[in-house]
Every structure is written in C-alpha cells, then in structure tokens.
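**Student:** Structure incoming, see below.
Numbering (the numbering used here), first residue to last: 968 to 1733.
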C-alpha cells in the first residue's frame, strides 16, 4: 500500500531517544555492568610478538594455583579451532593459537578464576617458549614473490579489478594529467566501551552470551567452536557502547564460551583499554595511486586507480572490503576509460576490518585530492570541474551499475557552502583572535557512500498488535547508540497510527528475535526498519478495513493516527484501535505479521568483478570546511564546517544531525590526529594519552544542511546516513589544508610535523 506522506504524524519529527537521560546519568546497563552470582573472572594470555613459533607451552603452575577453575589452550577446544568468517572469506584465524602466532595480541591460553587478581596471577604463571621470527610489516614487501608467507594459502587474499574503455587512448586525449600516491594509517575504532561480557550455561544446556556486539548471528560460529548445534547457543546484546565496525566479528565471545562451558559457571571478561587496542582489529591502511586525465574543456578522459590494502595478520572482513573498494575507486564521476586494480595483502600487522565507511573514507580522500589537483592543473574552479564530470540520475557508475535514484551534487555542494557560512558566523567572535600570520583557506569535497549490501541478503522483523491496540516489535538488530531501536519504533508507530509509547521493542536476541543482520554499513534503517514497515503494513490495512466498515467510509479515506482511526478531514469522528483490533481479528487477519526484506543479488548486468562491488543504492553529499594553519607550529585549526547530504527522507531529523555531527568528529580524528603508530606489528599508541581522538574542545562550529529527495530505498524513501558524513570529512579537511599551505596533502593524519616539512620543502612528506 503506497504511503501518503501528507498524512504522516511521526514522519519527519525529531523524537528524542527514550533512553538518552538514562545514558547521560549513567543508569543504562552496558556489558561491563553485568554481574551474576557465582561468577568467575576470565583472562587471556596474549602473544607479545607479531610473528613467532611456540616451541613450548606450560600451564601446570597456573592450574595448581588456589582459586583457578580452568586453564585452557587450543587442545581443549571441543569443536573447530577457528573463529569463523563470512561465507567465501578465508577462515584463517584460530580461537587460541597452537603453534604459531601471527599477530601481537593473539590469544594463546585462557584462565577462569575466583577473582581478577587470581586470574592475573595464573596468567603470569604460564610459561611460553617463543622462537621469534621477523614480522612482515610492509604490504608492498608482502606482495613480492619471495616474501615470507603469512598464511599457507598465500599473502594475497583479494586481487580484483575491472577495465572500461581504453585508458591508454584516454590519456592520449588528455590536455592535463595528474598522478599521485596517497597513504592512510591504521586507525582504532576507539569505541567508548571496550570489549566486555558474560557467559553462562542454563539448566537446558543452552550457552548464553551477553555482550556488546553488532551481529548476534555470530552464535553460529560459537556453536561450531563448541561442537554443539545452533539451538544450544544464544547471544544477547545489551545496548552497545559504540562499535563502528569493530564489534561485527567476534571479539571475546568465543573466549567466554569456552570458559563458561569448561567450568559450568558464569564467566565475565572485560578488556582494559590497553588490551583492547593491543588485540582489536583496525581500519585498513591504504596505499592508493591515482592517475587522471582531462581534456581542455575539463572533461575526464581517463582514470586509473591502484590500491594496496594492508590486511594485517588475518583476513577478517578484508575480502568483502576489497570488493566494495573497487566499487568506490572508479568514483562518482563520468569517465569512459577506467582501469581499477585492488590488492589486499596479509602482513603481521594488526588485522584490518570494517570501520565506519568500509574503505570509502580512504578512497574519498585520494579521489577528491586528485580531482582538486587536476582542476588546479587545468586552471578550473574545483566546483565547476566536478560539476562538468559528476554523474547524474540515470547514468551508470564505471562498474556498470545504473544510478536509478536522485543524485544531488550541486545541491549538496552549495548547501554545504552556505552551511559553512553559518558556522563561521556562529564562530565570529573567535576568528578575529587569530594571528594575522595564519594561513586560511576553504576546502570542499563531494562523496558517494553505498548502503544496503546485496548478494541476496535477507532481513526479517515481527510486529504483533495487542487487543488494546498497543504493539510489540521484534527484530534482531543491535543498537550501537545511533538510534536503531528508535528508528524501528518510529516506523511501526507511523504505519500503525500509534503513539510512540504504545509500541515496545524486543531486540538483539539471537533466539527470540527474527534475524535482521549486522548493524553496519549504513544498512540498519533499510534492513531492520524496512522489515518492520513490511510487517506493520498488512496489519494497518486490516485496521483500516475494519474502520471503513464501522465508519461507513472508503478505505482510502481512513487515517490511522494517535491510536485511533478517522475519516480524512473529520478527526472528531473516530474509532480507537482497541475497538478495531478485535474486529480485524474476527475478520480473519493475523495480528502477528512477519516482514521480510531480501535484497536481490542480480541488480545490473556486467562483468562479475565490477558487478559484485555494488550496493543497493548510494547517499550523495558535500562538505565545506575552513581552516587556519599556523606556519610557525604547523597546527591546523578548524574554524567552521558545513555538511549536506541527500538523506532521501529524514524520518527523524535529530538522529540525522547527530549522525552527521558524530561522523564529522570521527572524520576529524582520522584527518588530523589518530594513528596507531604500528611498529613491528604492535600498536605503539596503546591508550587515549597516545592515541589522540578529538575531544569536545577540538570540535569546531558545525552546521548540517539536510536535503530530502525522497528517493532512497529505505522506509518512506530514506537513505543510509551512518557513514557518509565520516567518509567525506578527511577529504574536505585535506582540501582546505592543501590550499592553505600550497602543497597537496597526500597522507593521513595531517600532523604539525608534516605540515612544517611541507612548508619548508614544498612537498608533502611520506
């Protein structure tokens, strides 16, 4: 049934998250807050070396300590000693290392004890004899034919590419050509809540794991590790204190499971920040080479892109990110001659995984920088150059995928520029205090971010309406702080015509809720609220039919709102839901409906490699930022920032603004300060005194301009917005800094040392 936006009562309303106050005052229960009677404390012994053979492992002294209830090694795993991966990915990571460690932080042994002190003592009592091996630290070295093997199957886990047209011919037609190499860093997810959770076995021999995760479907991997059937594992995720991709794949879940099964008692694990950074996955560092040519009229004639991604020690999500990266490499610009090549390579560095943007932030930084350089070489305005080449609705990406929905380029660029003007006006009292020697400049960027993973993904949700007219929504999506629960609640309430407080939710339980997939990839509103909408619609139709009969009106004239039904234009004559629900049930309508959303795989024809790189749809946006660079210290100050995206439909504008502001701040960190500083496979930046994330004192004046085309694939025409604001920020900041100092920024982060070197030498250092 088509949705009539003109009759919406909740759509477009900035409804606050119901648990905001609880979170603000510290009353919300997170994973680290859970305590159970008889609970043991779990701890892992982790490898201090990035590459080593384990010649001898002795746990006898640890087992003999009073209060130690279990000491486990790889030989104690009852099922398969593999953490598991997505279908088609290399399943190469053990739960516990047996004879060789490939990364700093690899778990070797587990301890469960009566207290955390005893657990630490037991870990110290374990003896390991290592044979240290030279780590493979450079992905370019790892590509060499004679490079040491990180994995027996080979170091390259993704060698992908595609060609459209003839790039050699395209470059011969160019009046201007630029060629640049860009590098990005290892970045930490830096979620507020480190990995924590509890596990226990109930009287029915079902293992329960309660921990912060972005993907409750990991219960299948746990079952394989334990050697039990899927129905004997249940994962429940409380509210998650941030994830950003780092809690999609399992972190401590298999360790908790093994200890709880071995002891028969509840076990708790909670990583310190240092242990979290030491052992967790990171954003992939990229080495990106772009070569672009354009004719005298400023039209692109050829684009060549080559990417080498540092996978780290284990494949994790890298094969999937390799696919998506080649989809982004060709960009959102019109070019007939495109050649793209991407290689993802194993090293002994920290493993890379999904992190807000799944590769798009790194690529946008390089792509937009190259577009700026080419515009400069042509003597063209960056906006006019992009406008001349930006794709429009109905055209196709270089992968062959058609853009069937709205493509806002000029609209978002201009809206971002005006938003920056407002931000600077708001900051007008501080700007005059700047030294006259500072170098000021405005920079811009445009971006395209995919949402809605394809490949036949299935998501489901259940909606049940009670006889008093209230409703219960059940969906297996995890809420990681960005309003997933609120989005599902708001959609159900809108479709059913109920007040928000008449809709309750059951979420994040692998046994109680229909599976809706991971909370990641800007997919959640589409893949969780979408099935909620589909489940609620047939119930709403039945309620309208009952109301039409009672009110003697046409069904098309019936409005559901605020817990009652009325004829359009006559709200005073109404029937409450409590009266409609029994009538609908008596007419044979099921009051419980299952909504299903399946994103079909075969969306567009084309070469398999490029075809697999696509998303269901894309969110387009623009950003403008003004910086001041101190030429004496190299310090970069953000004076103001304007951002605009076409979100399709802003179902909850407050949530949209929050995602934009949060994405910008996280993007600031990637652009200016954050770097794991990996040496010999170890992150030297081990806590927040050395890994520098932006604080509230660093945040500039930010203005958000929301545009709505109504042409998204999500409920009511919404588009994904969780990642686009983050992806565009480093590119826009780099653009502004490049203009301020007169040198193209080609690596991240943009540190004062790098800026000073560039000012002194006229070149950006690598």
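A virtual CB, placed ideally from N, CA and C, is assigned to each residue, including glycine.
1. Just reading off the alpha helix (DSSP H) that residue 1612 is part of, what are its end residues?
2. Please go through the same chain and pick out, in chain order, the residues whose beta-carbon is closer than 8 Å to the beta-carbon of residue 1507, but skip the five residues on each side of it.
3. Thinking just about the alpha-carbon of each residue, which of 1289, 1332, 1646, 1424 is nearest to the one in residue 1698?
4. State yes or no: is the beta carbon of residue 1307 nearer than 9 Å to at least one beta carbon in chain B?
5. Between the C-alpha atoms of residue 1652 and residue 1009, what's the straight-line distance to the nearest angstrom?
6. Sort 998, 973, 1727 by Cα distance to residue 1180 and report the nearest one.
7. For residue 1194, does the three-state DSSP call read helix, strand or coil?
8. For residue 1671, which option in 1326, 1346, 1623, 1468 has the closest C-alpha, if you only look at C-alpha atoms?
9. Among the candidates 1161, 1138, 975, 1229, whose CA atom is the shortest distance from the CA of residue 1734?
10. Can the beta-carbon of residue 1130 be found less than 9 Å from the beta-carbon of residue 1097?
11. Just list the residues that DSSP pairs residue 1167 with in beta bridges.
12. Mind checking residue 1099: buried by the 16 CB within 10 Å criterion, or exposed?
13. How close, in whole Å, do the beta carbons of residue 1626 and residue 1688 come, if the pair is a contact with beta carbons under 8 Å?
14. Mind checking residue 1230: buried by the 16 CB within 10 Å criterion, or exposed?
15. Here's a check: name, in chain order, each residue in its chain whose Cβ is nearer than 7 Å to the Cβ of residue 1199, leaving out the five neighbours to either side.
16. Closer than 6 Å by C-beta to residue 1365: which residues in its own chain qualify, once you throw out the five before and the five after it? Chain order, please.
17. Quick check on the DSSP output: the alpha helix (DSSP H) that includes residue 1462 runs from which residue to which?
18. What are the partner residues of residue 1020, as DSSP defines its beta bridges?
19. For residue 1022 and residue 1012, what's the separation of their Cα atoms in angstroms?
20. For residue 1126, report the span of its beta strand (DSSP E) as first-last.
21. Tell me where the beta strand (DSSP E) around residue 1308 begins and ends.
22. Residue 1127: buried (16+ other C-beta within 10 angstroms of its C-beta) or exposed?
23. Is residue 1060 helix, strand or coil by DSSP?
24. Quick test of your reading: residue 1275 and residue 1314, contact by CB under 8 Å. State the CB separation rounded to the nearest angstrom.
25. In terms of DSSP beta bridges, what is residue 1560 paired with?
26. Buried or exposed for residue 1302, going by 16 or more other Cβ atoms inside 10 Å?
27. What number of angstroms, rounded off, separates the C-alpha of residue 1619 from the C-alpha of residue 986?
28. When the Cα of residue 1338 is compared with those of 1327, 1352, 1026, 1329, which residue comes out closest?
29. Alpha carbon to alpha carbon, what distance is there between residue 1607 and residue 1285?
30. The beta strand (DSSP E) that contains residue 1234, what's its start and end?
31. Helix or strand or just coil, what does DSSP make of residue 1566?
32. Quick check on DSSP: helix, strand or coil for residue 969?
33. Going by Cα to Cα distance, which pick from 1577, 1240, 1334, 1187 is closest to residue 1477?
34. Could you give the uninterrupted runs of the beta strand (DSSP E) lying entirely in the segment 1499-1545, keeping only those of 3 residues or more?
35. My assumption, with CB atoms under 8 Å, is that residue 1076 sits in contact with residue 1039. Please give the rounded CB distance.
36. Ends of the alpha helix (DSSP H) at residue 1723?
**Tutor:** Checking against the coordinates, here is how it stands:
1. Here residue 1612 is taken as the residue at index 645 of the chain shown, counted from 1. Per DSSP, residue 1612 belongs to no alpha helix (DSSP H); it is in the beta strand (DSSP E), 1603-1613.
2. Start at 1 with the first residue of the chain shown, and residue 1507 comes out as number 540. Same-chain partners within the cutoff: 968, 1462, 1463, 1464, 1527.
3. Counting from 1 along the chain shown, the entry for residue 1698 is found at position 731. Comparing Cα positions, the closest option is 1332.
4. Of the protein chains in this structure there is only one, and it is not chain B.
5. Numbered from 1 along the chain shown, position 685 holds the residue referred to as residue 1652. Numbered from 1 along the chain shown, position 42 holds the residue referred to as residue 1009. If you take the alpha carbons of residue 1652 and residue 1009, they lie about 25 Å apart.
6. To locate residue 1180, count along the chain shown from 1; it is residue 213. Of the listed residues, the one whose Cα sits closest to residue 1180 is 998.
7. Start at 1 with the first residue of the chain shown, and residue 1194 comes out as number 227. Coil.
8. In the chain shown, residue 1671 corresponds to position 704, counting from 1. Here the closest residue by C-alpha is 1623.
9. The requested residue 1734 is not part of the displayed model; the chain covers only 968 to 1733.
10. In the chain shown, the residue the question calls residue 1130 occupies position 163. In the chain shown, the residue the question calls residue 1097 occupies position 130. No, the Cβ-Cβ distance between residue 1130 and residue 1097 is not below 9 Å.
11. By one-based count along the chain shown, residue 1167 stands at place 200. In DSSP, residue 1167 forms a bridge with 1175.
12. As a first step, residue 1099 is located in the chain shown; it is residue number 132 there, counting from the start. The residue in question, residue 1099, is exposed, as its Cβ has fewer than 16 Cβ neighbours within 10 Å.
13. For the purposes of this step, residue 1626 is identified with residue 659 of the chain shown, where counting begins at 1. For the purposes of this step, residue 1688 is identified with residue 721 of the chain shown, where counting begins at 1. Right, the Cβ-Cβ distance comes to about 5 Å (below 8 Å), so this counts as a contact.
14. The sequence position of residue 1230 within the chain shown is 263, counting from 1. Buried is the call here.
15. The residue you call residue 1199 lines up with position 232 of the chain shown. Excluding sequence neighbours, residue 1199 sits near 1172, 1173, 1174, 1190.
16. The sequence position of residue 1365 within the chain shown is 398, counting from 1. Excluding positions up to five away in sequence, the list reads 1131, 1297, 1305.
17. As a position in the chain shown, residue 1462 is number 495, starting the count at 1. From DSSP, the alpha helix (DSSP H) with residue 1462 extends over 1451-1463.
18. Working through the chain shown from its first residue, we reach residue 1020 at position 53. Beta-bridge pairing links residue 1020 to 1067, 1098.
19. Counting from one through the chain shown, the residue named residue 1022 turns up at place 55. Counting from one through the chain shown, the residue named residue 1012 turns up at place 45. Roughly 16 Å between the two C-alpha positions.
20. The residue labelled residue 1126 in the question sits at position 159 within the chain shown. Counting along the chain, the beta strand (DSSP E) containing residue 1126 begins and ends at 1123-1131.
21. As a working mapping, residue 1308 is identified with position 341 in the chain shown. First-last of the beta strand (DSSP E) with residue 1308: 1305-1313.
22. The sequence position of residue 1127 within the chain shown is 160, counting from 1. Residue 1127 is buried by the Cβ-count criterion.
23. For the purposes of this step, residue 1060 is identified with residue 93 of the chain shown, where counting begins at 1. DSSP places residue 1060 in coil when its eight states are reduced to three.
24. What you label residue 1275 is simply residue 308 of the chain shown in a count that begins at 1. What you label residue 1314 is simply residue 347 of the chain shown in a count that begins at 1. Not confirmed; about 11 Å, so no contact.
25. As a first step, residue 1560 is located in the chain shown; it is residue number 593 there, counting from the start. BP columns for residue 1560 point to 1430.
26. The count along the chain shown starts at 1 and reaches residue 1302 at position 335. Buried.
27. Translated into the one-based positions of the chain shown, residue 1619 becomes position 652. Translated into the one-based positions of the chain shown, residue 986 becomes position 19. Whole-angstrom Cα-Cα distance: 16 Å.
28. Counting from 1 along the chain shown, the entry for residue 1338 is found at position 371. Of the candidates 1327, 1352, 1026, 1329, the one whose C-alpha sits nearest the C-alpha of residue 1338 is 1352.
29. As a first step, residue 1285 is located in the chain shown; it is residue number 318 there, counting from the start. As a first step, residue 1607 is located in the chain shown; it is residue number 640 there, counting from the start. Between residue 1285 and residue 1607, the C-alpha separation is close to 35 Å.
30. Working through the chain shown from its first residue, we reach residue 1234 at position 267. Element bounds for residue 1234: 1234-1237.
31. Residue numbering aside, residue 1566 sits at position 599 when the chain shown is read from its first letter. It is a strand residue.
32. Position 2 of the chain shown, counted from the start, is the residue given in the question as residue 969. Confidence at residue 969 is low in this model, with a pLDDT of 46, below 50, so its placement is unreliable and the value that follows should be read with caution. DSSP places residue 969 in coil when its eight states are reduced to three.
33. As a working mapping, residue 1477 is identified with position 510 in the chain shown. Measuring from the Cα of residue 1477, the nearest candidate turns out to be 1187.
34. 1525-1528, 1531-1534, 1537-1543
35. As a position in the chain shown, residue 1076 is number 109, starting the count at 1. As a position in the chain shown, residue 1039 is number 72, starting the count at 1. The Cβ separation is near 7 Å, so the contact holds.
36. Translated into the one-based positions of the chain shown, residue 1723 becomes position 756. From DSSP, the alpha helix (DSSP H) with residue 1723 extends over 1719-1728.
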